[in-house]
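**Q**
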Amino acid sequence: MRPVIAFLIWVVLIGGLTAYMHARERVAAGRVVDSQAARGNFALELTTTFDLEPDPFALQSDDGSGPAAIVVRINGKDVLRRSDRVQRGTQIVVEPVSHLAQGQNEIYVEASAPLDSAGRSLAVRVRLMEDGRQMADRTFWSEEGARVAGVFSVNVEGAEPADVNHHGH
Amino acid sequence: MTGVRVKILRRRTTASYLAWLSCCWLVLATSFVFAQETGQRPAAARKPVIVCSTTQIADITRQVVGDRCEVKCVLAPGADPHTYMPTPGDAQLTLKADICIQNGLHLEGKNWMATLAKDAGKPLITAATGVQPIELEGDGQKISDPHAWFTPKNAAVYVNNITRELSRMDPAGKEQYEARAKLYLLQLRVLDSWIREQFNVIPMTQRILVTSHDAFNYFAKEYGFRNQAPVGWSTGSEVGAGMTPERRKQVIDSIKEFGVKAVFVETSVNPKLVREIAREAGVKIGGELYSDSMGPSGSAGETYIGMMRENVLTILDALK
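Chains Y and X are the protein sequences, given in the same order.
First residue of the first sequence: 1, per the numbering used here; consecutive thereafter.
First residue of the second sequence: 170, per the numbering used here; consecutive thereafter.
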């Protein structure tokens, strides 16, 4: 009888410990909250002051896709990745815009100019539209020779086009 | 009385069982938590060792791996990879390696790095794989110029090759390698842009680069220079390598014809020949360029970016 009791106590203790560890992992994983997708018809409009060209200095991915000329990410997920040449002044439109969530969203833009454009300042204008209404309008500039890259936050939930902050180079 | 003693003994036995179980539980719980903690820090043990052939390859590799790996270099700063003869110490070093990295395109004369890696049974990465080579003519044969690192664009190919292969070797470090590589690639892009801007002040007709050996073809092509050298693509004895009287005469004629302002010696090549040519042609020595090897520790040319920057400033100072 006593060995059985001892075994049961052992099972309860180890089982309790294992259950506690699993619960702790679940709680940690649960911290990444899935936010609800934003409702509405959104479009991103991008215009560059330079010809877009694939970046020969890009880190090449394992999937064999070539270096990108322009990349837009919303909340860390690609919504645009183009590797072809695009003439300056050409408006690039992304519609519909996926990965936009209700609340705060972070939009990252990265664009690559030809190497012989060294010595000129470069800029990319980004506009976020909702049903034809402008929600955000940002222009990112680069230092000579660098890639244009910038990130800004936008709240798509409220009535106001509440840009919180932006930074880029 | 006996019944009471039996009860006490039973209680003691139950208590000892419980004490024993508690100890087991503590040991198990501690080891479980400890195992989880150490699982997050696998690098606490021995660092992987990477043995590189040249100083440039070693520096580029260091930029990618940071402190996660130990990077060793066979060649000392200033040593010539074309004529280098491996020593028993190099063989010992390669035996300790987890992976070896070479430039390739026969920069390492008689493939000494590939031989070292093969003899030690170690995997070998060739950093120049995928570079668009410049083809040179030598004794009727075509040779791919091995000095591909002389443009930041080609150095970016090296970075990509090294990052990809090391990520395969050490998947746990992939994210770190890629993050460092991205930052380094940005620096290379800025370097390239800066070089173009600097050379913009030298008129195209004055962009003539005379150096000890034919190492600057990629650099010259990228930044609009004509280049001349009395010694071929290698200082060794390979096809198309070494100095010929015809080459020597051609260089002196070019200097006179184009009114070259200055010629340059190289850190890894004996300067005697270029000094003679400068005297004969009546031009000054513009300075010393880092070519097949970077500078020693503590010098401005101890990194790839530093070496390129110093070369550009030396050329600019002499030719503008």
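No residue lacks a Cβ here, since even glycine has one placed at the ideal position from N, Cα and C.
This one's a predicted model, so the numbers in the text were calculated from it and none came from an experiment.
Once DSSP output is grouped into helix, strand and coil, what is the label at THR295(X)?
**A** strand
**Q** State the start and end residues of the unbroken alpha helix (DSSP H) segment that holds GLN345(X).
**A** 343-368
**Q** Give the interface partners of ALA350(X) over in chain Y, defined as CB-CB distance under 9 Å, in chain order.
**A** Around ALA350(X), the beta-carbon contacts reaching into chain Y at under 9 Å are LEU59.
**Q** If you measure from the beta carbon of LYS489(X) to each beta carbon in chain Y, is any gap under 7 Å?
**A** no
**Q** Could you compute how far the alpha carbon of THR436(X) sits from the alpha carbon of GLY89(Y)?
**A** 47 Å
**Q** What do you reckon, are the CB atoms on SER117(Y) and PHE57(Y) nearer than 7 Å?
**A** no
**Q** So that I know if they touch, is there some Cβ in chain Y lying closer than 7 Å to that of VAL359(X)?
**A** yes
**Q** Per DSSP, which residues does MET282(X) bridge with? Please list them.
**A** None, per the DSSP bridge assignment.
**Q** Looking at the strands, I want to know which residues DSSP matches up with THR374(X).
**A** DSSP lists no partner for THR374(X).
**Q** Would you mind listing the beta strand (DSSP E) stretches within the segment 74-131 of chain Y that are 3+ residues and don't spill past its ends, in chain order?
**A** Whole beta strand (DSSP E) segments, 3+ residues: 77-82, 92-94, 104-111 and 122-130.
**Q** Would GLU277(X) be called buried (16 or more neighbouring beta carbons within 10 Å of its own) or exposed?
**A** buried
**Q** For ARG31(Y), which of helix, strand or coil comes out of DSSP?
**A** Unreliable placement is indicated for ARG31(Y), whose pLDDT of 47 sits below 50; the coordinate value is still reported in the next sentence. Correct three-state label for ARG31(Y): coil.
**Q** Starting from ASN396(X), follow its DSSP beta bridges and name the residues at the other end.
**A** LEU378(X)
**Q** In chain X, which residues lie with their C-beta within 8 Å of the C-beta of ARG24(Y)?
**A** The premise fails here: ARG24(Y) is roughly 10 Å from chain X at the closest Cβ pair, so nothing lies under 8 Å.
**Q** Thinking just about the alpha-carbon of each residue, which of GLY247(X), HIS251(X), ILE294(X) and GLY470(X) is nearest to the one in ALA266(X)?
**A** ILE294(X)
**Q** In terms of alpha-carbon separation, which member of MET282(X), ALA350(X) and ALA297(X) lies closest to GLY290(X)?
**A** MET282(X)
**Q** Please report how far the alpha carbon of VAL234(X) lies from the alpha carbon of TYR473(X), in whole angstroms.
**A** 15 Å
**Q** I want to see whether chain Y comes within less than 7 Å of LEU262(X), judged by CB atoms only; does it?
**A** Nearest CB-CB separation between LEU262(X) and chain Y: not below the 7 Å threshold.
**Q** So is GLN261(X) buried or exposed if we call it buried at 16+ other beta carbons inside 10 Å?
**A** Classification for GLN261(X): exposed.
**Q** Once the 5 residues before and after PHE140(Y) are set aside, which same chain residues still bring their CB inside 6 Å of it?
**A** VAL124, VAL148, GLY150 and GLY168
**Q** Between ALA128(Y) and VAL93(Y), is the Cβ-Cβ spacing less than 7 Å?
**A** According to the sequence shown, residue 128(Y) is Leu rather than Ala. Between LEU128(Y) and VAL93(Y), the C-beta gap is not smaller than 7 Å, which leaves the two residues out of contact.
**Q** Does the distance from the C-beta atom of GLN367(X) to that of VAL379(X) stay below 7 Å?
**A** no
**Q** Looking at chain Y, is there any beta carbon in it that lies within less than 7 Å of the beta carbon of LEU354(X)?
**A** yes
**Q** Is the beta carbon of GLU457(X) less than 7 Å from the beta carbon of VAL434(X)?
**A** yes
**Q** Within a Cβ cutoff of 6 Å, which residues of the same chain sit near VAL370(X), ignoring the five residues on either side of it in sequence?
**A** LYS489
**Q** With H, G and I counted as helix, E and B as strand and the rest as coil, what does DSSP make of ASN480(X)?
**A** helix
**Q** For PRO96(Y), decide whether its Cβ has a neighbour in chain X, counting only Cβ atoms nearer than 7 Å.
**A** no
**Q** Under 7 Å Cβ to Cβ from ASP172(Y), same chain only, skipping five residues before and after it: list those, please.
**A** The requested residue 172(Y) is not part of the displayed model; chain Y covers only 1 to 169.
**Q** State the beta-bridge partners of ILE70(Y) as determined by DSSP.
**A** ARG82(Y) and ALA111(Y)
**Q** How many angstroms separate the CA atom of ALA296(X) from the CA atom of SER313(X)?
**A** 15 Å
**Q** Cβ closer than 7 Å: which chain Y residues qualify as neighbours of ALA325(X)?
**A** PRO56 and PHE57
**Q** From ALA43(Y), SER61(Y), ILE70(Y) and LEU13(Y), pick the residue whose C-alpha is nearest to that of GLU53(Y); which is it?
**A** ILE70(Y)
**Q** Run through chain X and tell me which residues come within less than 9 Å of ALA146(Y), C-beta to C-beta.
**A** LEU355, ARG358, VAL359 and SER362
**Q** Could you name the residues that DSSP lists as bridge partners for GLY456(X)?
**A** Paired residue(s): PHE433(X).
**Q** At the level of alpha carbons, what is the spacing between LEU355(X) and HIS99(Y)?
**A** Going by the C-alpha atoms only, they are around 27 Å apart.
**Q** Pull up the distance between the alpha-carbon of MET254(X) and that of MET476(X), whole angstroms please.
**A** Using only the alpha carbons, I get a separation of about 25 Å.
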